[in-house]
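Peer 1:
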Amino acid sequence: IQDTSTLNFDAELPGLGLIDGSARKCGMLMHNVYAVSARDKKPLGLVQQQIIVRTGKVAKTATAAQRRERKKESAKWSAGLLAGKAALPTHRKVIQVCDREADIYVFIKQIKDVEQGFAIRCAQNRSTETGKLFSDIAQAEVRGTGLVKIARNGKRKARTAQLIIKSCVVQLRPSQKQNRQGPVLSVN
Numbered sequence: 651i652q653d654t655s656t657l658n659f660d661a662e663l664p665g666l667g668l669i670d671g672s673a674r675k676c677g678m679l680m681h682n683v684y685a686v687s688a689r690d691k692k693p694l695g696l697v698q699q700q701i702i703v704r705t706g707k708v709a710k711t712a713t714a715a716q717r718r719e720r721k722k723e724s725a726k727w728s729a730g731l732l733a734g735k736a737a738l739p740t741h742r743k744v745i746q747v748c749d750r751e752a753d754i755y756v757f758i759k760q761i762k763d764v765e766q767g768f769a770i771r772c773a774q775n776r777s778t779e780t781g782k783l784f785s786d787i788a789q790a791e792v793r794g795t796g797l798v799k800i801a802r803n804g805k806r807k808a809r810t811a812q813l814i815i816k817s818c819v820v821q822l823r824p825s826q827k828q829n830r831q832g833p834v835l836s837v838n
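Residue numbers for the sequence shown follow this note's numbering, beginning at 651 and rising by one.
1) So, Leu679 versus Thr654, is the Cβ gap smaller than 8 Å?
2) Since Arg793 sits in a beta bridge, which residues does DSSP pair it with?
3) Counting Cβ pairs closer than 8 Å, one from the region 784 to 792 and one from the region 801 to 812, do we hit at least three?
4) If you reduce the DSSP assignment to three classes, tell me which class Gln774 lands in.
5) Less than 7 Å between the CB of Cys676 and some heavy atom of the ligand ATP, yes or no?
6) Would you call the region 748 to 764 in contact with the region 826 to 834, where contact means no fewer than 3 C-beta pairs closer than 8 Å?
7) Excluding the five sequence neighbours on either side, which residues of its own chain have a C-beta within less than 6 Å of the C-beta of Gln699, listed in chain order?
8) Mind listing, in chain order, the continuous beta strand (DSSP E) runs of no fewer than 3 residues lying wholly within the region 681 to 743?
9) Check this for me: beta carbons of Arg823 and Glu779, under 8 Å apart or not?
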């Protein structure tokens with residue numbers, strides 16, 4: 651399981667950076683990789699922890715080449731993948747579980763390259779061989795349904811959400827950010 655937490659210190663202290671896109675909030679990001687046994691759902695431990703301190707925004711005048719060359723915050727996902735692979739060399743089946751921030755073509759390709767599985771919440775309506783991802787999913791066969799109780803969160807009231815489970819195989823095309831370079835990825 652890979653997840654990033656924002657540590658907000660609400661103060662300007664040495665060693666802190668900008669968070670939440672605000673010039674007034676200072677803190678850092680903490681990206682964790684946890685290993686959990688699928689068999690008995692017990693934690694195996696913390697595999698990796700990355701501390702990320704943002705040093706500022708990339709200038710709007712930066713060229714495309716300069717943007718490609720800079721160190722990207724999204725590299726945390728690949729680093730977590732490699733750390734997990736190194737920490738679990740004898741595990742035959744490893745599944746990366748990530749939130750929508752990890753919906754990155756290059757990362758999905760890396761997971762497939764190391765022959766792992768993944769469950770990543772979709773963020774991008776990606777191009778597929780048959781159209782667009784969200785349309786492909788909408789047309790997929792329903793595999794199950796259920797109800798999920800969601801606790802109150804701030805001003806949002808507690809509620810029960812209906813869960814619809816669908817699955818299908820789609821052929822993801824490389825993203826525009828990749829200049830459509832790379833293989834079509836068959837994913838389920």
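C-beta: ideal position from N, C-alpha, C; glycine also. This one's a predicted model, so the numbers in the text were calculated from it and none came from an experiment.
Peer 2: The short version:
1) Their beta carbons are under 8 Å apart, which means Leu679 touches Thr654 by this criterion.
2) Assignment of beta-bridge partners to Arg793 by DSSP yields no partner.
3) The answer is no - the region 801 to 812 does not touch the region 784 to 792, with fewer than three Cβ pairs under 8 Å.
4) coil
5) No copy of the ligand ATP occurs in the structure displayed, which carries no ligand at all.
6) yes
7) Counting only Cβ-Cβ distances below 6 Å, and skipping sequence neighbours, we find Asn682.
8) 693 to 702
9) yes
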